[in-house]
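Just so you know, the sequences run in chain order A and B. Under this note's numbering, the first residue of the first sequence is numbered 1, with each subsequent residue one higher. Under this note's numbering, the first residue of the second sequence is numbered 1, with each subsequent residue one higher. Glycine residues also receive a C-beta, built at the ideal position from the N, C-alpha and C atoms.
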Amino acid sequence: MSTAAFIVIAILMLAGALAAATLSKLIHAALCLVIAFIGIAALFFLLGAEFVGLVQIFVYVGAVAVLIVFTILLTRHAEEPTSGFNWSGVLVAVAVFAGLIWVILQTPSLSAPAPVIEALTVKRIGEVLMTDYIWPLQCVGLLLTAALVGGLILVMEEKR
Amino acid sequence: MTPTLTLFLIISAALFSIGLLAALSRRHAIFILIGIEMMLAAANLNFIAFWRFAPQPQAPTGVMVAIFSIAIAAAEAAIGLALVISVYRHYRTTNVEKLDQLKG
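See the structure below:
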């Protein structure tokens, strides 16, 4: 893991996330969210979890971002200001950030270097998924089916 | 020098706080969903970082939890955006402060 790559990716990712949270135009915020998600996938690659990084790009950049853009398109008719901002939320977020940073810096055991591990192959992930994690896998399949049916029912035109 | 676990945790905490900021301070429903997605991604980053820096990562538990978490986040995003479209059809607005019909 190189520090230069880490710093560049982290700055890009946080800048994208901050822009997604504060920009007033929804479509710009959605595109900045894509930058943030690509940055997170790059951090996954840097950490040696290539499969999760690819899943992150497929699911978030490929599916969720397109879903958000289509929802913006379908609800765009309202010409109301989208830039409403509640400053007490900023206060809560800064307080949570300060608390988390304080806890992280108080813990001495976190500065250990990364151990050398053998690369995690997709074959190994598949084996573990089909043996130890078979019940969670089935439950996630059921959940995705329920979400599909529920999403369809929610957006179906009502018969009058 | 390579990045330590502390750096990854700080990045993850920053991303979580930005997501919290978006979820708490924006009045547009889609921004709230974007904030929730960012908070979930920060949690995933923590899972992967702790898996990588564990002394003996025998079973890839952190990776498995992250994969399931991504699947659940996708389902959550689909349902949330369907709700936004459904609410928009009924009330012609996506501003959450105008949706106060249940207020006593």
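Residue 151(A) is positioned such that its CB atom lies no closer than 8 Å to that of residue 29(B). Interface with chain A (8 Å Cβ-Cβ cutoff): residue 45(B) is included. For the C-beta of residue 150(A), the chain B residues within less than 8 Å are, from N- to C-terminus, 79 and 82. Within chain A, no C-beta atom comes less than 8 Å from the C-beta of residue 104(B); the nearest is roughly 22 Å away.
Its Cα nearest to that of residue 60(A), the residue 67(B) stands out among 67(B), 59(B) and 94(B).
The DSSP-derived three-state label of residue 52(B) is helix. Taking the C-beta atoms as reference points, residue 32(B) is found no nearer than 8 Å to residue 43(B). Residue 137(A) and residue 17(B) have their C-alpha atoms some 30 Å from each other. Within the DSSP secondary-structure output, residue 46(B) pairs in no beta bridge. The contact set of residue 56(A) on chain B, defined by CB atoms closer than 7 Å, consists of 70 in chain order.
Between residue 145(A) and residue 81(B), the CB-CB gap reaches or exceeds 8 Å. Scanning 26(B), 34(B) and 11(B) for the CA closest to the CA of residue 87(A) turns up 26(B).
Annotation: residue 107(A) is outside any alpha helix (DSSP H) and is labelled neither H nor E by DSSP.
For residue 95(B), DSSP records a beta bridge to 28(B). Using a Cβ-Cβ cut-off of 9 Å, residue 64(B) is close to 125, 128, 129, 132, 133 and 136 of chain A, given in chain order. Just measuring C-alpha positions, the residue of 119(A), 120(A) and 15(A) sitting nearest residue 38(A) is 15(A). Residue 99(B) is not a Cβ neighbour of residue 84(B), given a cutoff of 8 Å. Annotation: residue 103(A) to residue 47(A) spans about 23 Å, alpha carbon to alpha carbon. With a cutoff of 8 Å on beta-carbon distance, residue 35(B) and residue 21(A) are scored as near each other. Interface with chain B (8 Å Cβ-Cβ cutoff): residue 40(A) is included.
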